[in-house]
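When we follow UniProt numbering, the leftmost residue of the sequence shown carries the number 1, and every step to the right adds one. Backbone N, C-alpha and C define an ideal beta-carbon position, used for all residues, glycine too. Below is one structure, written out as structure tokens; the observations come after it.
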Amino acid sequence: MAVTIPAAIVANILEGAVARGADPAGILARAGLPGVVGALEAPDFVRLVRAVTLTLDDELAGLQQRPQRVGTHAIMAAHVSHADTLGEAYARAATFMDLMDNSFRYSLRENGANLLFEMTRIPGREVLNNAAVEMVLVLVSRMLAWMVGNRGAINGAWFDYPAPGHASAYRAMFHRAPMQFGQTGSGIAIPLSLCRLPVLRTEEQAAAYARRTPLDAFLPQDGTAGLPLEVAVAVETLLSADGTLPDMALIAATLGIAPHTLRRRLKRDGVDYSDIRKQVRRDMAVRLLTTTDAAVEEIAERTGFSEASAFIRAFRSWTGLTPRAYRVSEF
1 MAVTIPAAIV ANILEGAVAR GADPAGILAR AGLPGVVGAL EAPDFVRLVR
51 AVTLTLDDEL AGLQQRPQRV GTHAIMAAHV SHADTLGEAY ARAATFMDLM
101 DNSFRYSLRE NGANLLFEMT RIPGREVLNN AAVEMVLVLV SRMLAWMVGN
151 RGAINGAWFD YPAPGHASAY RAMFHRAPMQ FGQTGSGIAI PLSLCRLPVL
201 RTEEQAAAYA RRTPLDAFLP QDGTAGLPLE VAVAVETLLS ADGTLPDMAL
251 IAATLGIAPH TLRRRLKRDG VDYSDIRKQV RRDMAVRLLT TTDAAVEEIA
301 ERTGFSEASA FIRAFRSWTG LTPRAYRVSE F
């Protein structure tokens, strides 16, 4: 099912570009979008955010006091990947972001059964609109959940502004967490029980993930915990070995599980095998594009596509960009 980004978020992202003197028509043309936009499906929204980011050379899309130059998010992801646990990853992220000394202060503290990741506005610093808060909390929580192979449970979310008109979209953005508006700061509550989870992703994988932001922040997260994660690792291992995308029977044999049992257990976890394979392919393709000089045709072969044209169509459906455009963006 297509993921739709509310028109209000789209407008807020464009407002950041306009406030920094960019031509909105030029940005929409760069993103391959019509002159008037409303709600967007995820690939179109990804193209829009990339167009704004690259035009401004600002990963914060012009929403905060100072630009965050392209590449900063990947550096943070690489830094966070060296944490041992999710709790330590949040600590590293909060410290890194606070050092940027932009429009917010970031902090971390325990409160009861939760770890609170908090952001408070620095007096006198510009925060253009609510997207400045939404994007930070969504991107950080999704990235760190991905780091530990978890679906990102959140026990609460709060915001220092009144409930916006698109507040209903927050349920999906913040995993149906209880929400409060009009608070003195903004943040999310992470269950302490999850904070002991080990960080599973490598520095290379983390940097590649950051380079495809904001794609994963607004797509369903597939195959990221327990048995689904084991399946994803097995698929990637076999795909990396010979460029052949394994079927479920081969993965079941690799894991020592009967195919019907594997199918039943994945269904119990709410995951479909085909979705896991798709995510593994996408992750590998992005990693090869951003960390190697391999030709698109070679990457297509290594990710199990029989023809480069099929790979290009698939990649565009994942990211809103062709492989070559994605690589040239250096983002």
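Cα-Cα separation, residue i to residue j
i	j	result
residue 308	residue 243	13 Å
residue 58	residue 260	49 Å
residue 34	residue 49	15 Å
residue 298	residue 159	46 Å
residue 176	residue 10	21 Å
residue 112	residue 89	19 Å
residue 273	residue 144	23 Å
residue 251	residue 5	35 Å
residue 276	residue 97	32 Å
residue 348	residue 69	An answer regarding residue 348 cannot be provided, because it is not within the stretch 1 to 331 covered by the chain.
residue 101	residue 131	18 Å
residue 65	residue 46	23 Å
residue 208	residue 14	25 Å
residue 108	residue 189	10 Å
residue 292	residue 232	22 Å
residue 321	residue 315	7 Å
residue 311	residue 203	26 Å
residue 191	residue 262	29 Å
residue 323	residue 245	19 Å
residue 149	residue 229	7 Å
residue 124	residue 319	37 Å
residue 325	residue 72	20 Å
Simplified DSSP assignment, three categories, for residue i
i	result
residue 45	helix
residue 64	strand
residue 198	strand
residue 279	helix
residue 52	helix
residue 33	coil
residue 40	strand
residue 322	coil
residue 292	coil
residue 58	coil
residue 4	strand
Where the beta strand (DSSP E) containing residue i begins and where it ends
i	result
residue 188	186-191
residue 314	Looking at the DSSP string, residue 314 is not in any beta strand (DSSP E); the run it does join, the alpha helix (DSSP H), is 308-319.
residue 157	156-158
Limits of the unbroken alpha helix (DSSP H) element including residue i
i	result
residue 332	In this structure the chain extends from 1 to 331, so residue 332 is not present and cannot be described.
residue 26	24-30
residue 141	131-147
residue 169	Where residue 169 is concerned, there is no enclosing alpha helix (DSSP H), given that its DSSP letter is neither H nor E.
residue 296	296-302
residue 125	Taken as a continuous stretch (DSSP letters only), residue 125 belongs to no alpha helix (DSSP H), as it is neither H nor E.
residue 332	Lying before the first or after the last residue shown, residue 332 is absent from the chain, which here runs from 1 to 331.
residue 210	203-211
residue 250	248-255
Whole-Å CB distance - residue i paired with residue j, under 8 Å assumed
i	j	result
residue 85	residue 3	Not a contact, Cβ separation roughly 30 Å.
residue 140	residue 93	6 Å
residue 186	residue 235	Actually they are not in contact, since the Cβ atoms of residue 186 and residue 235 sit about 37 Å apart, beyond 8 Å.
residue 78	residue 206	6 Å
residue 179	residue 157	5 Å
residue 16	residue 61	4 Å
residue 266	residue 239	Wrong, their Cβ atoms sit about 18 Å apart, outside the cutoff.
C-beta neighbour in chain B for residue i, strict 7 Å
i	result
residue 161	Among the protein chains of the structure shown there is no chain B, as only one such chain exists.
### Message
For a minimum of 4 consecutive residues, which ranges assigned as the alpha helix (DSSP H) are wholly contained in the stretch 68-122?
### Response
Correct list: 72-80, 86-99.
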